Amino acid sequence: MNNTNQKSSSNIYAIGESLLDVIFKLDDTVTAKPGGSTLNTCISLGRLGHNVHFLTEYGNDKAGDKIEAFLNENGVNSNFSVRHKERKSTLALAWLNESGNASYSFYQDLPTEAPRVKLPAFTQNDILLFGSFYAINPRNNNNILNLLKQAKADGALVLYDPNIRPSKFKDTQETRNQIMELIEQADIVKASDEDFAYIFRTSNHTEVLEKLKQMKKLFFVTSGKNGVDVVFNGELKHLSIPCLEPVSTVGAGDNFNAGIIHAVLSQSIRKPFTTSDILTMAQQGIALASEVCLRTENYIARR
């Protein structure tokens, strides 16, 4: 895997949730670390030496102190972030099962109205990452759409990860339509088989892949130990993953995103993508996701 020894002129802008992950293991041990799907991606990219800017929110409390310090320690720029003086940071309680998979409960104290984010001046060398519930939460709609509009106008590459947690929102066709609209805005979409089962209302994986083949997008569909399907311009390729005994799968998908972005920047990949470009992205995604599955942290090790 290629590492980035010095920062390039490219910038990664990511918008999403910051929280404190409180993880309960089967042996009753408890750990607490900064988390959130987009934060996990940012930390790994910061540890790889990339220029990362995180657009996020957290509270004016000890958890917020920990989140802010952790971002700074790992080279993630928080200048675009908002700290709410009268609010507490979000908590996520995660219970791991025998397979290292987690079930979650979330506790939030964010303002009802989202703060207006500062829009970066994107370039054609930059990347915008967005996704999860944060991207479809109605309070964040204007910020997400404004960022997408600016990024696309400036020629930045856009990566979207739906990362759906149905327990966090009402299961409606309107939500599915909103997710599909965001997919249309992205250049690259990485999602799990469970995400697409929700979006298309079917657990038939073959049927899902056929639907994706009809869309003019680059899709990475992760299916846990069953590997990764890559769909692009009507073509389908399946990649297997290393056989391993995961310590935890929390953060695996987030680090697949980090692998995609790392490949794009370290290999100077640009649109239109070649088959070689796409395989490089997938292989880097698998490598970083596999590393995190063998760790108790939700991000790769410090380089």
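In the working numbering, the protein residues as written are 371 to 673.
No residue lacks a Cβ here, since even glycine has one placed at the ideal position from N, Cα and C.
For clarity, every value in this text was computed on a predicted model and none was experimentally measured.
* Whether D565 touches N533 by CB criterion (8 Å) -> The count along the sequence shown starts at 1 and reaches residue 565 at position 195. The count along the sequence shown starts at 1 and reaches residue 533 at position 163. A contact, by the Cβ cut-off of 8 Å.
query: In the DSSP assignment, what are the bridge partners of E443?
result: Residue mapping note: residue 443 aligns to position 73 of the sequence shown, counting from 1. Listed as beta-bridge partners of E443 by DSSP are no residues whatsoever.
Same chain, Cβ closer than 8 Å to I639, neighbours up to 5 away in sequence not counted:
Numbered from 1 along the sequence shown, position 269 holds the residue referred to as residue 639. Result list for I639: A633, D647, T650 and M651, in chain order.
Next on the checklist: Here's the rule I'm using: 16 or more other beta-carbon atoms within 10 Å means buried, otherwise exposed. How should K403 be labelled?
Outcome noted: Locating residue 403 in the sequence shown gives position 33, where the first residue counts as 1. So K403 ends up on the buried side.
Where G525 falls, given that 16 or more other Cβ within 10 Å makes a residue buried:
For this step, residue 525 is matched to residue 155 along the sequence shown. G525 comes out exposed.
**OP:** Can you give me the Cβ contacts of A505 inside the same chain, cut-off strictly under 7 Å, excluding the 5 residues immediately before and after it?
**Re:** Locating residue 505 in the sequence shown gives position 135, counting from the first residue. Spatial neighbours of A505 in its own chain (CB-CB distance under 7 Å, excluding positions within 5 residues in sequence) are listed in chain order as I514 and L552.
From the DSSP output, which residues share a beta bridge with S448? In the sequence shown, counting from the first residue as 1, residue 448 sits at position 78. Answer is none; S448 lacks a bridge partner.
Local conformation of K403 per DSSP, three classes: Locating residue 403 in the sequence shown gives position 33, where the first residue counts as 1. In the structure shown, K403 adopts extended strand secondary structure according to DSSP, grouped into three states.
- Query: According to DSSP, is K488 helix, strand or coil?
  - Reply: As a position in the sequence shown, residue 488 is number 118, starting the count at 1. If DSSP states are grouped into helix, strand and coil, K488 belongs with coil.
Quick one: give me the first and last residue of the beta strand (DSSP E) that F626 is part of. Numbered from 1 along the sequence shown, position 256 holds the residue referred to as residue 626. Counting along the chain, F626 falls outside any beta strand (DSSP E), though it belongs to the alpha helix (DSSP H) covering A622 to S636.
Alpha carbon to alpha carbon, what distance is there between S469 and K395? On the sequence shown, position 25 is the one that residue 395 refers to. On the sequence shown, position 99 is the one that residue 469 refers to. Using only the alpha carbons, I get a separation of about 11 Å.
Subject >> For G429, the residue or residues it bridges with in DSSP >> reply: On the sequence shown, position 59 is the one that residue 429 refers to. H454, per the DSSP bridge assignment.
**Message:** Buried or exposed, going by whether 16 or more other CB atoms sit within 10 Å of the CB of N372?
**Reply:** Here residue 372 corresponds to residue number 2 of the sequence shown, with the count starting at 1. Below a pLDDT of 50, predicted positions are generally treated as unreliable, and N372, at 45, falls in that range; no measurement from the model is reported.
_Looking at the secondary structure, which residues open and close the alpha helix (DSSP H) in which E580 lies?_
By 1-based counting over the sequence shown, the position of residue 580 is 210. Residues H575 to K583.
(request) Under 7 Å Cβ to Cβ from F327, same chain only, skipping five residues before and after it: list those, please. (result) In this structure the chain extends from 371 to 673, so residue 327 is not present and cannot be described.
Original post:
In this structure, does DSSP put F539 in helix, strand or coil?
Top reply: In the sequence shown, the residue the question calls residue 539 occupies position 169. In the structure shown, F539 sits in coil (DSSP, three-state: anything other than H, G, I, E or B).
Next item on the list: May I have the straight-line CA-CA distance separating I497 from L527, to the nearest angstrom?
Entry: Counted from its first residue, the sequence shown places residue 497 at position 127. Counted from its first residue, the sequence shown places residue 527 at position 157. Near 5 Å, if we compare the C-alpha coordinates of L527 and I497.
Let's see if you can read the secondary structure: which residues bound the alpha helix (DSSP H) around E387?
On the sequence shown, position 17 is the one that residue 387 refers to. Neither: E387 is in no alpha helix (DSSP H) and is coded neither H nor E.
- prompt: At what residues does the alpha helix (DSSP H) containing S363 begin and finish?
  reply: Because the chain here runs from 371 to 673, residue 363 falls outside it and cannot be looked at.
Can you tell me the Cβ-Cβ gap for V598 and I656, rounded? I've got them flagged as a contact below 8 Å.
Translated into positions along the sequence shown, residue 598 becomes position 228. Translated into positions along the sequence shown, residue 656 becomes position 286. About 6 Å separates the Cβ atoms of V598 and I656, confirming a contact at the 8 Å cut-off.
query: Is it right to say L466 is buried, meaning 16 or more other beta carbons lie within 10 angstroms of its own, or is it exposed?
result: On the sequence shown, residue 466 is found 96 positions in, with the first residue counted as 1. So L466 counts as buried.
Point to revise | Helix, strand or coil at Y568 according to DSSP, with G and I counted as helix | key: Locating residue 568 in the sequence shown gives position 198, where the first residue counts as 1. In this structure, Y568 counts as helix in the three-state DSSP scheme.
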